[in-house]
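Chains A and B, in that order, are what the protein sequence lines are.
The first sequence runs 1 to 347 under this note's numbering.
The second sequence runs 1001 to 1347 under this note's numbering.
Number of protein chains: 2
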Amino acid sequence: MAKRFAAAFLSLCIMSIAPVSASEDLLAAAQKIFEPIPLAPPELPGNPATPEKAELGKMLFFEPRLSASHAISCNSCHNLGLGGTDGAPTSVGHRWQRGGRNAPTVLNAGFNLAQFWDGRAKDLKEQAGGPIVNPIEMASTKTDVVALLRTIPGYNVAFAKAFPGEPSPITLDNAQKAIALFEATLITPDAPFDRYLRGDENALTDKQKAGLALFMGEKGCADCHNGQNIGGGMYARFGATIKPGVEFLPPDDKGRVAVTKDADDTYVYKVPTLRNITLTAPYFHTGKVWSLREAVALMGAIQKGDQLSTDETLKITAFLESLTGAQPQVTYPVLPPDGATSPRPEL
Amino acid sequence: MAKRFAAAFLSLCIMSIAPVSASEDLLAAAQKIFEPIPLAPPELPGNPATPEKAELGKMLFFEPRLSASHAISCNSCHNLGLGGTDGAPTSVGHRWQRGGRNAPTVLNAGFNLAQFWDGRAKDLKEQAGGPIVNPIEMASTKTDVVALLRTIPGYNVAFAKAFPGEPSPITLDNAQKAIALFEATLITPDAPFDRYLRGDENALTDKQKAGLALFMGEKGCADCHNGQNIGGGMYARFGATIKPGVEFLPPDDKGRVAVTKDADDTYVYKVPTLRNITLTAPYFHTGKVWSLREAVALMGAIQKGDQLSTDETLKITAFLESLTGAQPQVTYPVLPPDGATSPRPEL
């Protein structure tokens, strides 16, 4: 209900934060609205971190055998070399089928209030089970994934280490736990804006500060894009003020209404994080906009009914460029070979 | 000519190395035929190693934008987590087309006398250019790859660092050089058999030693599978003694004759390395055999006309299991984002 209220709050544009000018005021205002990415991964409730579980999660994240074809892994669409996404409007899945929505970044995803564009998974663990069994994505089944993992001697060892004391540790639930734990480590601290939030006023250029002032102030971007992930904390209607055309809002995807069955959630989506936004083009749930400037201008128009000037767009874009943090350093995992009875890829 | 002679030599089975029994004799005989993988990567002639060039090569190896779809990288089929191959009979390429032959491992590939199953590329550098422009693999073009790389600011920096002093460093030739240099680092030293070759008689089990004796001795496997890569050093007819059925030797793939135009090279292929063979199923150029034991038995039958006993097959298989070395430790690269004019994926 709080989320619904927030979306309505946005779409009605009841209030925008007052413009700020003085440098100290700007920092103080920003510190009230945003929060830096922590330097260490957060803990997951009910899923305590161990090196063995995180290592298993990394293996599974890069494991193409979780897909029916044995050719598609989590990393195929959430490529850790490409800002945790795949640089495509929608992703390539099983037998070259195309996904319905742009692959959201896995980076900092643990800081979102829920997962998927429509928030249909409550957390990273629940999300991890989705694409594996989606027939147009990895196209496996729960039964097949577990059966396959159980035939691989190396995974029997790795799951036993990650879930000690469990009589039958290879379950999809445990696989999802391990993947979630690894994904929770995929944070990007120390962006220039994080250093700014921690008090380093020189971390942003003057242009970026001007963009931040617009973003928080009169342009109202921070009404939705706020908090630790500068987004990811609420839902909002895409086209809150002006409904865009079908190129940006295809009629066969009505957003969160499919989850809540509440007509008010038609065309409502999770507000995406803007962290690492320079790395994650193309933009929006359709992935139809490749230019960050165009994306900023479109948001101003359809969310706020505001025709941003070129100068305003460039300043806000410059601010968004300060949101790119240190990318995760990941050692590529060595995956265990098939066992004698392992099933073959379905190609 | 020497290679042709070697193939003929094999197929006629003129000579096999005499059986060896005593432990010291076995080691001494093995040291004459095989050579350990070095602990450091070899130098590439005309392509001196620098950290900048190797890093660029790693980026390009994992770079899906080298493919038309921006979804397929070198690592898609030569997965460093899966023994440098993809665990499929033949690989998935552009728009789910299937490759013609089983993807050979990239691990230790620099020690082969040539690249591809038919040896049509003389070295790693020449090989690296092949799949990128193959319409059923990555399906890009030379022009498109270079044009794309030149639009990406991060690659302009990386190529300039890797090829200092060159006025226009982004060329396909330089990309291939960098990939080759990275691939040359993908060696797997310190397999049990390497420790054995260096004099540690305890590195192999008695069963593995018995397998080695058969492999070198009466079964004649080492007639072809010898040297540093235990294969990879010559060409041989698949079915040198008994021509196998179409399931293993499809009539539309006649092997090296397509390269040399010499009828004697019909059904002749490069002898593959047996290093890391436990990681690289399925086997042979068609990828139709999933079990290493079955592969060993088939080789005995069709290459040597020898019906190996179960005991012999198991011993030779045990020896082959000693060929798995330390897998490369690779930090997953962070790839630079598109530039403003970068071309879009063709999906």
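Using N, Cα and C, we set each Cβ at its ideal position, and we do this for glycine too.
How about Gly100 (chain A) and Asp253 (chain A): do their beta carbons lie closer than 9 Å?
-> The criterion of a C-beta distance shorter than 9 Å is satisfied by Gly100 (chain A) and Asp253 (chain A).
* Asked: Of all Cβ atoms in chain B, is any one closer than 9 Å to the Cβ of Asp311 (chain A)?
  -> Chain B, which has no Cβ nearer than 9 Å to the Cβ of Asp311 (chain A), makes this no.
**Report entry** Amino acids of chain A, ordered along the chain, whose beta-carbon sits closer than 8 Å to that of Thr1278 (chain B)
**Finding:** Neighbours of Thr1278 (chain B) on chain A, chain order: Pro337.
Note to self: Which same chain residues end up closer than 7 Å to Val289 (chain A) when comparing Cβ atoms and leaving out the 5 residues on each side of it in sequence?
What the structure shows: Apart from the 5 residues on each side of it in sequence, Val289 (chain A) sits with its Cβ closer than 7 Å to the Cβ of Pro282, Tyr283, Ala295 and Leu298 in its chain, given in chain order.
ask   = Checking contacts by CB at 9 Å: is Thr266 (chain A) closer than that to chain B?
value = Thr266 (chain A) does not count as touching chain B.
_Gln1115 (chain B) in three-state terms, based on DSSP_ = In this structure, Gln1115 (chain B) counts as strand in the three-state DSSP scheme.
message: Let's test the definition: count the other Cβ atoms within 10 Å of the Cβ of Glu1183 (chain B) and tell me whether it reaches 16, buried, or not, exposed.
response: Glu1183 (chain B) should be labelled buried.
_Using DSSP's beta-bridge definition, name the partner residues of Lys1270 (chain B)._
Lys1270 (chain B) is bridged to B:Tyr1235.
Q. Comparing the CB of Ile1179 (chain B) with every heavy atom of the ligand HEM, is any distance shorter than 8 Å?
A. For the ligand HEM, the structure offers nothing, since it holds no ligand at all.
C-alpha distance - Asn1226 (chain B) paired with Asp1265 (chain B), whole-angstrom precision: Cα-Cα distance, rounded: 21 Å.
Practice prompt. Spell out whether any CB of chain D is found under 9 Å from the CB atom of Phe1159 (chain B).
Written response: Absent from the structure is chain D; the protein chains it does hold are A and B.
field: Per-residue DSSP class, three states only, for Ala54 (chain A)
entry: Per DSSP, reduced to three states, the secondary structure at Ala54 (chain A) is helical.
Can you grab the Cα-Cα spacing for the pair Gln287 (chain A) / Pro104 (chain A), in whole Å? According to the sequence as given, residue 287 (chain A) is Gly; it is not Gln. About 10 Å.
Inter-residue Cα distance where the pair is Tyr1332 (chain B) and Thr205 (chain A): Tyr1332 (chain B) and Thr205 (chain A) have their C-alpha atoms spaced approximately 31 Å apart.
inquiry  = Measuring CB atoms only, is the stretch 1309-1327 of chain B touching the stretch 61-71 of chain A, in the sense that at least three cross pairs come out at less than 8 Å?
reply    = Two segments are said to touch when three or more pairs of C-beta atoms, one from each, lie closer than 8 Å; by this definition the stretch 1309-1327 of chain B does not touch the stretch 61-71 of chain A.
Helix, strand or coil: how does DSSP classify Arg967 (chain B) here? Residue 967 (chain B) is absent from the model: chain B starts at 1001 and stops at 1347.
task = With a threshold of 16 other CB atoms inside 10 Å of the CB of Ser1168 (chain B), please say whether the residue is buried or exposed.
result = Counting Cβ neighbours within 10 Å, Ser1168 (chain B) comes out exposed, since fewer than 16 surround it.
Check: Should Lys125 (chain A) and Ile179 (chain A) be called a contact, given that it needs their Cβ atoms to be closer than 9 Å?
Finding: Cβ atoms of Lys125 (chain A) and Ile179 (chain A): closer than 9 Å.
Next on the checklist: Tell me which residue opens and which closes the alpha helix (DSSP H) that Leu1292 (chain B) is part of.
Outcome noted: In the DSSP assignment, Leu1292 (chain B) falls within the unbroken alpha helix (DSSP H) covering Leu1292 to Lys1304.
**Request:** Kindly indicate if chain B contains any beta-carbon less than 9 Å away from that of Asp194 (chain A).
**Result:** No, its Cβ sits nowhere closer than 9 Å to a Cβ of chain B.
**Asked** Counting Cβ pairs closer than 8 Å, one from the stretch 1322-1336 of chain B and one from the stretch 1184-1194 of chain B, do we hit at least three?
**Response** Taking 8 Å as the limit for Cβ pairs, the verdict is that the stretch 1184-1194 of chain B does touch the stretch 1322-1336 of chain B.
Worksheet item: Under a three-way DSSP split, which group does Thr1085 (chain B) fall into?
Response: Note: Thr1085 (chain B) maps to strand in three-state DSSP.
Contact criterion: CB-CB distance below 9 Å. Does Tyr235 (chain A) meet it with respect to chain B?
For Tyr235 (chain A), no Cβ of chain B is located within less than 9 Å of the residue's own Cβ.
- Task: Hey, could you find the ends of the alpha helix (DSSP H) Thr141 (chain A) is sitting in?
- Result: Membership of Thr141 (chain A) in any alpha helix (DSSP H) is not indicated, and neither H nor E is assigned to it by DSSP.
Exercise for the section: Quick one: using the 10 Å Cβ neighbour count with 16 as the cut-off for buried, is Arg1198 (chain B) buried or exposed? Expected result: By the 10 Å Cβ count, Arg1198 (chain B) comes out exposed.
**Prompt:** Is Thr185 (chain A) close to chain B, meaning its C-beta is less than 9 Å from at least one C-beta of that chain?
**Reply:** Not one chain B Cβ lies under 9 Å of Thr185 (chain A).
Neighbour list for Pro1333 (chain B) in chain A, Cβ cutoff strictly below 7 Å = Listed by position along chain A, the residues whose Cβ is nearer than 7 Å to that of Pro1333 (chain B) are Gly81.
task: With DSSP as the reference, please indicate the residues paired to Tyr1196 (chain B) in a beta bridge.
output: DSSP links Tyr1196 (chain B) through a beta bridge to no other residue.
(message) Give me the residue from B:Lys1142, B:His1094, B:Pro1048 and B:Gly1084 with the minimum Cα distance to Pro1345 (chain B).
(response) Among B:Lys1142, B:His1094, B:Pro1048 and B:Gly1084, the Cα nearest to that of Pro1345 (chain B) belongs to B:His1094.
Identify every residue that forms a DSSP beta bridge with Ala1121 (chain B).
Ala1121 (chain B) is bridged to B:Gln1115.
query: Quick one: what does DSSP say Tyr283 (chain A) is sitting in, helix, strand or coil?
result: Strand.
(Q) Tell me which residues of the stretch 169-183 of chain A have at least one Cβ-Cβ distance to chain B shorter than 8 Å, keeping chain order. (A) Of all residues in the stretch 169-183 of chain A, none has a C-beta nearer than 8 Å to a C-beta of chain B.
- Task: Give the secondary structure of Glu1346 (chain B) by DSSP, where H, G and I count as helix, E and B as strand, and everything else as coil.
- Result: In this structure, DSSP gives Glu1346 (chain B) a state outside helix and strand, which the three-state scheme calls coil.
**OP:** Check the Cβ of Leu1212 (chain B) against every Cβ in chain A and list those closer than 9 Å, keeping chain order.
**Re:** Within 9 Å Cβ-Cβ: nothing; Leu1212 (chain B) doesn't reach chain A, min ~21 Å.
Where does Arg1098 (chain B) sit, in a helix, a strand or coil, going by DSSP? If DSSP states are grouped into helix, strand and coil, Arg1098 (chain B) belongs with the strands.
On a CA-only basis, which of B:Phe1111, B:Asp1200, B:Ser1291 and B:Thr1143 is nearest Ile1037 (chain B)? Give me that one, please. It is B:Phe1111.
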